[in-house]
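Chains as they are written, first to last, in the numbering used here: chain A, 1 to 246; chain B, 1001 to 1789; chain C, 2001 to 2154.
Only one structure is covered here, and it is reproduced in the block below.
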Amino acid sequence: MVKAIILRVEGTNCDEELVNAFQLAGAEVTLAHINELLKNKISLEDHQILALPGGFSHGDDISAGVILANQLKQLLGKQLNKFIEEEKAVIGICNGFQILVKTGLLPNLSGNQEQEVTLAFNSSGLFRNQWVHLETQKENTCPFLKNMENIYLPIAHAEGRFIATQETIEQIEEQNLIAFKYVGNPNGSINDIAGISNSQGNILGLMPHPERFLHPWMHPYWTLEQPEQGDGIQLFKNIVEHAKKV
Amino acid sequence: MKPKQIQITSANEQQLITISKKGLLSLSKKEMKAIQKYYQQQGREPTDAELETIAQTWSEHCIHKTFNALIDTPDGQIDSLFKTYIFKATNELDKKWCISVFKDNAGIVKFDDEHAVAMKVETHNHPTALDPYGGAGTGTGGVFRDVMGVGAKPILSTNMLFFGPLDIPHTQLPPGTMHPKRLMKGSVAGIRDYGNRMGIPTANGGVAFDQGYIGNPLVYAGTVGIMPKNKYICNAQSGDLILLVGGKTGRDGIHGVTFASVELEETSEKTSSGAVQIGNPVEEKKTLDGLLRARDCDALPLYSAITDCGGGGLSSAIGEMGKELGVEVHLDKVPLKYAGLEPWEIWISEAQERMILIVPPENKESILEIFKNENCLATIIGKLRNDKKLVLYHEQDKVAELEMSFLHSVPKITRKAKWKKIEEKEPNLPEKITYGEDLKKILRSPNVASKEWVIRQYDHEVQAKTVIKPLQGKAQGPGNACVLKPKYDSWKGIVISNGVNSKYSENPYNMTLSAIDEALRNNVCCGGRRIAILDNFSWGSPSNPETMGALVKACEACYDGAKGFDTPLISGKDSLHNEYKVKGKTMAIPHTMVISAIGIIPDIRKAITMDLKKPGTSIYLVGETLDELGGSHYFMVNELTGGKVPGVNLARAKKTMDRLIEAIDSELILSCHDCSEGGLAVTAAEMSFAGGLGMTIDLEHVPTNLEREDKILFSESNSRFLVEVTNEKKFEEKMKELPFAKIGKVTQEPELKIKERRSLDPNIDDKKKLVINEKIKDLKNEWEATFKW
Amino acid sequence: MWVIGVTYQSPDVDPIGLNKKVEMEDLGLPVKQVNTMHVYYIQSNATKEQIEKACKELLADPIIQDYTYQQDTNSLQLAETSSWLIEVKNKPGVTDAVGESTKKGLETLGLEVDQVHTAFTYSIEGQLEEEQIKQIAEKILANPLIQEYKYVRK
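Below you can see the structure in the form of structure tokens.
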């Protein structure tokens, strides 16, 4: 059975629903506090999927995700690199995406794991919770994006504005690393970028929350038009599918 | 540190009062004398820590002196508002599904065979006036802890906020007060940052405005939690250890509870700065993570009892927990933020994010390990005794020793109540040809206007349990209640709503019944039933007999309402002395009664939202519209006073709500919205906003004795619902014997067209004029304009 | 003690600065621009190299922020601006959660740190008098109950 590990620290708070998402998708799930990894009670090695959930790790202090990003690099760097080299799956949602971007694991154009893009404060300067339509980018070959045409998911963040230099954006577009684009940009992200993957196609980060739309009754107006299923569940199924082959 | 002694045994009355004032103890002459007597009997002087402990424990906030007082009213003496009205109603209703009411930190009711839900609502008014961000934030954090304090996991955050008018010029603000806009922005930010960081969805609430809140903003914070029934545990034994978990202790909030009983003045800022608390939500999240693991790692929790550290700090939490057995605490073991705190300061500090767990000695190692893994401080600071004494040590010095029996024996106070005459004079009100402008003014008014700016700052979906969200319909209109589906393997849901209208404060009895009716109607609109309610009072000074009289009337209404609707009161709180002194003049808030309601829906798939769904469907109005425009928004926008405040016909209201639930369960309804501020006209507009559709209504069919169109459009009579009905025959069968009528239909055209009731030529129906003829787009623009910040 | 100031490369990515400007305009003040600087007062005997590393990896976002640092000074000396500077800091004893997290972050990078205190410094451009600056400080930027503020005209 495919094993997923979901990493939490102080301030993580979207973990339980993420555990549920992976269980529904057919994985066996471990919810681990970073202390358990640091004390070697649990190891990344035993798993095929690493998921970084949403929330406010370390309160979003200094900037969202940067403290945990540093902890990952300094304290778990070796384990993490091995995990990625073995083509195992990594997904970061919302705060998880912010963490991946600040460790340099996404987009990692140079291959040196340096921070190349950022997720800054929304243009409004305020936290915002709303639903957005997303265009899944067909040219992106990341296996996690299979069978997901255009999806509808909620965002809930204060620091979701995707920013990078002109040069970096062009490279990302050229290499087809964009996974999702917003329809009706809610936060000022350049080129409406809502999520990206790495060139290997085994690391994905996105600001919207797929784990919040696993079932039709989570849709914001399901009493009017009930969808058949939640738009988010396919993503998790794809990840588990990919992890089976690892 | 040798404890400091306070000389009181030979003090005269004046000296006793001075001691209380200087120490910010808020103890009355009667109370100081009772304390003096106790120490004369003990043959010694009290230590500073002992006096502080007594002051905290006997404070209004902690012991509800006014609600337990003897009250002299023109109609006789009442012994305890709490016993006579609040608790009496619940006691008499004797619902088997009430697990714990008015006993623990929160009210607890059954959810299903396995789980229970807990709810608590608290006010945090005075600290918010001084620092809106910190005050509202810690108020939110505090009420989360109340629910954690019964061992439940918080799954919802709610809040009701009250501020002065947003357009008041800075030059007109009373000295020492903050501008309402600053207070509002700060409070919303504080609640947002606390709830979002803790991962608790904020999915229900409201904001209202009134001149009377200048200088005294109000913040009500509420929480709902869920827990396995068998994990609700209250089994402390002698010898069990006292474990302090969470944040470090500092001088935060010292004299917060005694401060809450004092009226604010210009110089409040300088004298009360210690009373402001600053929150750290990640600290509380760590505490919650540890607590849930300590609760669930085994068949029974690792702790034998649990409570939170709120008002009065350790002194209240531990003093309360150890009441039956006695406690011993070593204050030097408490982790401190900085050095230099006196033992009494450690004992009464209101530093945030702390909980007390009582732990059987055999579980000590496991529970410490759990908190260590969460990077959460956990320290054993004492143990439970068996001699019913409270003993405090700091290193080798004994700094306090009190008998629990004395500590928990507050002298009963007496209050005087007078009934204020209710003015119901009808104002002179000329009729108009159309009322579109009035409707627009009401939609723009801050109480009614769209609060999207506020709502979207709160994460209302974290934990993925919010199946009916605060903004409803494709076009996102204002929902009545939110519905949570807390369990993966069950269709059962929790429905949360609230009701308040301080514009009705002229008639406190009717105001309270209206608040109960509103909370229940909001709940019923979504499909909620088996409802429990919570009462939260924010009032002026109870030393004022008319203010006290209003409080009595409100409590009477709580009893009548709870009994009449068959909805037990399960928890409540009061915040008194919300007054502001400027140049000797006192400004009190309008009596503000917030009722929160928590109901159950057996299957969330049948939940109903308020957005119009299908053009061509019929619209019914259920409930009678009466001549009750006192306190209405229609009067307000026309600058009128007087009129009769809406009352509640309890028997009929209950029957109406029961039948409506049956109609919902039988799937006869597509959408449903209740009538409240702005009456029928606003309800119709809001349903249209949310659905992106329109409505036509003919006032001729409205069940009422009124003839005037404006009164029918804008009366705020209670217990009324606008319903979009699919199966008319079955619906009419369900509603028989109740006042109801088909009054219009849903249209594809997004316009609100309302026909007058009386036409000049009754034989030609289509000659009837439209008293409201507006594009939904225009109405929605008005509704959204006020808070487009 | 090291003092580190982190600013934004362009006002476009400084929404707090933009929001504060709007609030000042609401009070009728002729404010042209407001820029914010995150300030970290770090009590530590870290070397210059360590501080440089901390800025690059932790304190400043390389995509949108710039940093500057100096020893034994305060942020009003550190900042460059053409008009007024106001520093807002929590009073001693008031919870500084960001300071505590920053300490943890620095320790992860191998620094030995006694304490970290944070502050915010606002640089305000506009024709303003001292009285107006005080008004801005007390009515918009700080709560004098729990925060202290200092200002200077550059």
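A virtual CB, placed ideally from N, CA and C, is assigned to each residue, including glycine.
*Which ranges does the alpha helix (DSSP H) cover as unbroken runs of at least 4 residues, wholly within the region 1291-1358 of chain B, from first to last along the chain?*
With a minimum length of 4 residues, the continuous alpha helix (DSSP H) runs that stay inside the region 1291-1358 of chain B are 1313-1321, 1343-1348.
*Of the residues that make up the region 1605-1623 of chain B, which ones have a beta carbon closer than 8 Å to any beta carbon in chain A?*
If you check each beta-carbon in the region 1605-1623 of chain B against every beta-carbon of chain A, the ones closer than 8 Å belong to 1605, 1607, 1608, 1609, 1611, 1613.
_Contacts that residue 194 of chain A makes with chain C (C-beta to C-beta distance below 7 Å)_ = Numbered from 1 along the first sequence, position 194 holds the residue referred to as residue 194 of chain A. Chain C residues near residue 194 of chain A: none, gap ~17 Å exceeds 7 Å.
*At a Cβ threshold of 8 Å, is residue 1282 of chain B touching chain A?*
In the second sequence, the residue the question calls residue 1282 of chain B occupies position 282. Taking Cβ atoms only, chain A reaches closer than 8 Å to residue 1282 of chain B, which makes this a yes.
*Straight-line CA distance for residue 1324 of chain B to residue 1119 of chain B?*
Within the second sequence, residue 1324 of chain B is the residue found at index 324, counting from 1. Within the second sequence, residue 1119 of chain B is the residue found at index 119, counting from 1. Taking the CA atoms as reference points, residue 1324 of chain B sits about 25 Å from residue 1119 of chain B.
*Taking Cβ-Cβ distances below 7 Å as the criterion, which residues of the region 125-150 of chain A are in contact with chain B?*
Under the 7 Å Cβ criterion, the region 125-150 of chain A contributes 126, 127, 128, 129, 130.
*asked:* Applying the 10 Å Cβ sphere with the 16-neighbour rule, what's the burial state of residue 1272 of chain B?
replied: Residue mapping note: residue 1272 of chain B aligns to position 272 of the second sequence, counting from 1. Residue placement at residue 1272 of chain B is poorly supported in this model, since its pLDDT is 47, which falls under 50; the coordinates still yield a value, given next. The residue is buried, with at least 16 neighbouring Cβ atoms inside 10 Å.
*asked:* For a quick check, are the C-beta atoms of residue 76 of chain A and residue 103 of chain A less than 8 Å apart?
replied: Numbered from its first residue, the first sequence carries residue 76 of chain A at position 76. Numbered from its first residue, the first sequence carries residue 103 of chain A at position 103. Cβ distance not < 8 Å, so residue 76 of chain A and residue 103 of chain A don't count as in contact.
*Hey, could you find the ends of the alpha helix (DSSP H) residue 1744 of chain B is sitting in?*
Taking the first residue of the second sequence as position 1, residue 1744 of chain B is located at position 744. In the DSSP annotation of this structure, residue 1744 of chain B is not part of any alpha helix (DSSP H); the continuous beta strand (DSSP E) holding it starts and ends at 1740-1747.
*Fully enclosed by the region 1554-1586 of chain B, which alpha helix (DSSP H) runs are 4 residues long or longer?*
Runs of the alpha helix (DSSP H) lying entirely within the region 1554-1586 of chain B, each at least 4 residues long, are absent.
*asked:* Quick check on the DSSP output: the beta strand (DSSP E) that includes residue 2075 of chain C runs from which residue to which?
replied: Walking along the third sequence from the start, residue 2075 of chain C turns up at place 75. Segment 2075-2078 is the alpha helix (DSSP H) holding residue 2075 of chain C; no beta strand (DSSP E) there.
*Per DSSP, cross-strand counterpart(s) of residue 33 of chain A*: As a working mapping, residue 33 of chain A is identified with position 33 in the first sequence. Its beta-bridge partners are A:8.
*Kindly indicate if chain C contains any beta-carbon less than 8 Å away from that of residue 58 of chain A.*
Taking the first residue of the first sequence as 1, we reach residue 58 of chain A at position 58. The beta-carbon of residue 58 of chain A is placed less than 8 Å from the nearest beta-carbon of chain C.
*Evaluate the contact criterion for the region 2084-2098 of chain C versus the region 1136-1154 of chain B: three or more CB pairs, one atom per stretch, below 8 Å.*
Because the criterion of three Cβ pairs below 8 Å is not met, the region 2084-2098 of chain C and the region 1136-1154 of chain B do not touch.
_Residue-level contact to chain C via CB, residue 62 of chain A, 8 Å cutoff_ = Counted from its first residue, the first sequence places residue 62 of chain A at position 62. Chain C contact via Cβ: present.
_Straight-line Cα distance separating residue 1463 of chain B from residue 214 of chain A_ = Looking up residue 214 of chain A in the first sequence gives position 214. Looking up residue 1463 of chain B in the second sequence gives position 463. Rounded to the nearest angstrom, the gap between the Cα atoms of residue 214 of chain A and residue 1463 of chain B is 12 Å.
*Could you tell me which chain C residues have their CB closer than 8 Å to the CB of residue 1131 of chain B, listed as they occur along the chain?*
Reading the second sequence from its first residue, position 131 is the one you call residue 1131 of chain B. Listed along the chain, the chain C residues whose CB falls inside 8 Å of the CB of residue 1131 of chain B are 2143, 2145, 2146.
_Does residue 1498 of chain B pass the burial test, meaning 16 or more other C-beta atoms within 10 Å, or should it be called exposed?_
Stepping through the second sequence from its first residue, residue 1498 of chain B is reached at position 498. By the C-beta density criterion, residue 1498 of chain B is buried, having at least 16 other C-beta atoms within 10 angstroms.
_According to DSSP, simplified to helix, strand and coil, what is residue 1691 of chain B?_
Here residue 1691 of chain B is taken as the residue at index 691 of the second sequence, counted from 1. It is helical.
*Partners in chain C for residue 117 of chain A, counting only beta-carbon separations shorter than 8 Å*: Position 117 of the first sequence, counted from the first residue, corresponds to residue 117 of chain A. Taking the beta carbon of residue 117 of chain A as reference, the chain C residues within 8 Å of it are 2063, listed in sequence order.
_List, in chain order, every chain B residue whose beta-carbon is nearer than 7 Å to that of residue 2095 of chain C._
To locate residue 2095 of chain C, count along the third sequence from 1; it is residue 95. Under the 7 Å cutoff, chain B gives 1278, 1280.
*Look up residue 1754 of chain B in the DSSP assignment and give the residues it is bridged to.*
For the purposes of this step, residue 1754 of chain B is identified with residue 754 of the second sequence, where counting begins at 1. Paired residues: B:1697, B:1772.
_Nearest neighbour of residue 1029 of chain B, chosen from B:1018, B:1407, B:1038, B:1039 [CA to CA]_ = What you label residue 1029 of chain B is simply residue 29 of the second sequence in a count that begins at 1. Of the residues B:1018, B:1407, B:1038, B:1039, the one whose Cα lies closest to the Cα of residue 1029 of chain B is B:1018.
_At the 8 Å Cβ level, is residue 2015 of chain C part of the contact set with chain A, yes or no?_
Residue 2015 of chain C sits at position 15 when you count from the first residue of the third sequence. It does: the Cβ of residue 2015 of chain C has a partner Cβ on chain A nearer than 8 Å.
_Nearest candidate by alpha-carbon position, reference residue 2101 of chain C, set A:94, A:161, A:11_ = The residue given as residue 2101 of chain C occupies position 101 in the third sequence. Distances from the CA of residue 2101 of chain C to each of A:94, A:161, A:11 were compared; the closest alpha carbon is that of A:11.
*Quick one, which residues of the region 1209-1223 of chain B are near chain A if we go by CB-CB under 7 Å, in chain order?*
Listed in chain order, the positions of the region 1209-1223 of chain B with a beta carbon within less than 7 Å of a beta carbon of chain A would be empty, since no residue qualifies.
*Which residues share a DSSP beta bridge with residue 2085 of chain C?*
The residue you call residue 2085 of chain C lines up with position 85 of the third sequence. In the DSSP output, where bridge partners are listed per residue, residue 2085 of chain C has C:2123, C:2152.
*Does DSSP classify residue 171 of chain A as helix, strand or coil?*
Here residue 171 of chain A corresponds to residue number 171 of the first sequence, with the count starting at 1. Here residue 171 of chain A sits in helix by DSSP.
*What are the start and end residues of the alpha helix (DSSP H) that includes residue 1062 of chain B?*
Mapped onto the second sequence, residue 1062 of chain B falls at position 62. Taken as a continuous stretch (DSSP letters only), the alpha helix (DSSP H) holding residue 1062 of chain B covers 1060-1063.
*Let me know the secondary structure DSSP gives residue 1634 of chain B once reduced to three states.*
Taking the second sequence and counting its residues from 1, the one referred to as residue 1634 of chain B is at position 634. Helix.
*asked:* Ignoring anything shorter than 4 residues, give me the alpha helix (DSSP H) runs that lie fully in the region 1517-1550 of chain B, in order along the chain.
replied: The region 1517-1550 of chain B contains no complete alpha helix (DSSP H) run of 4 or more residues.
*Range of the contiguous beta strand (DSSP E) that encloses residue 93 of chain A*: The residue labelled residue 93 of chain A in the question sits at position 93 within the first sequence. Unbroken beta strand (DSSP E) run through residue 93 of chain A: 89-93.
*What residue ranges within the region 1585-1611 of chain B form continuous beta strand (DSSP E) runs of no fewer than 3 residues, ordered along the chain?*
Within the region 1585-1611 of chain B, the complete beta strand (DSSP E) runs of at least 3 residues are 1585-1588, 1592-1601.
_Taking 8 Å as the threshold (beta carbon to beta carbon), is residue 1273 of chain B in contact with chain C?_
Within the second sequence, residue 1273 of chain B is the residue found at index 273, counting from 1. Interpretation of residue 1273 of chain B is limited by its pLDDT of 48, a score under 50 that renders its predicted location unreliable; the figure taken from the coordinates is listed afterwards. Interface residue, yes.
*asked:* Let me check understanding here. Comparing Cα to Cα, which of B:1050, B:1041, B:1722 lies closest to residue 1342 of chain B?
replied: Numbered from 1 along the second sequence, position 342 holds the residue referred to as residue 1342 of chain B. Considering only alpha carbons, the answer is B:1050.
*With distances taken Cα to Cα, identify the nearest neighbour of residue 1058 of chain B among B:1570, B:1608, B:1561, B:1406.*
Numbered from 1 along the second sequence, position 58 holds the residue referred to as residue 1058 of chain B. Here the closest residue by C-alpha is B:1406.
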